[in-house]
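Enquirer: Residue numbers (my numbering): 10 to 121.
#1: How would you call residue 72, buried or exposed, if buried means at least 16 neighbouring beta carbons within 10 angstroms?
#2: Compare the Cα-Cα distances from residue 87 to each of 76, 77, 103, 78 and report the closest residue.
#3: Quick check on residue 47: does DSSP put it in helix, strand or coil?
#4: With distances taken Cα to Cα, identify the nearest neighbour of residue 47 among 110, 17, 78, 111.
#5: Which residues in the same chain have their Cβ closer than 8 Å to the Cβ of residue 108, if we skip the five residues on either side of it in sequence?
#6: Going by C-alpha distance, which of 83, 82, 84, 99 is nearest residue 90?
#7: Classify residue 44 as buried or exposed, calling it buried when 16 or more other Cβ atoms lie within 10 Å of its own Cβ.
#8: Going straight from the alpha carbon of residue 113 to that of residue 76, what length do you get?
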């Protein structure tokens, strides 16, 4: 994916206070709501490589359910949009929990 940002002030914060040129860097890229300022902060994050260990079982607009077969555990990911109804995250979470309950009840999580 290529993104071209014109007329944006970019600030970069790194651990060594120098621009990384010879090695990959992991961090967070944030854009201001007015799209005029951006910042990249090098944080304690790992570079993700290889095959994913978890499998996405359910993907919705505001939520997703992941299954990690080695750890035998589910992960629920929620997205909260402040402009929407405050009940939306609760309904999305309830939908994900019902999905997991059905899988456990049917015993389908053991087959993954």
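Using N, Cα and C, we set each Cβ at its ideal position, and we do this for glycine too.
All of these numbers come straight from a predicted model, not from anything done at the bench.
Expert: Let's see:
#1: With 16 or more other Cβ atoms within 10 Å, it is buried.
#2: 103
#3: Shown here, residue 47 sits in a strand according to DSSP, grouped into three states.
#4: 17
#5: 66, 67, 74
#6: The shortest C-alpha separation from residue 90 is found at 99.
#7: exposed
#8: Here the C-alpha atom of residue 113 lies approximately 12 Å from the C-alpha atom of residue 76.
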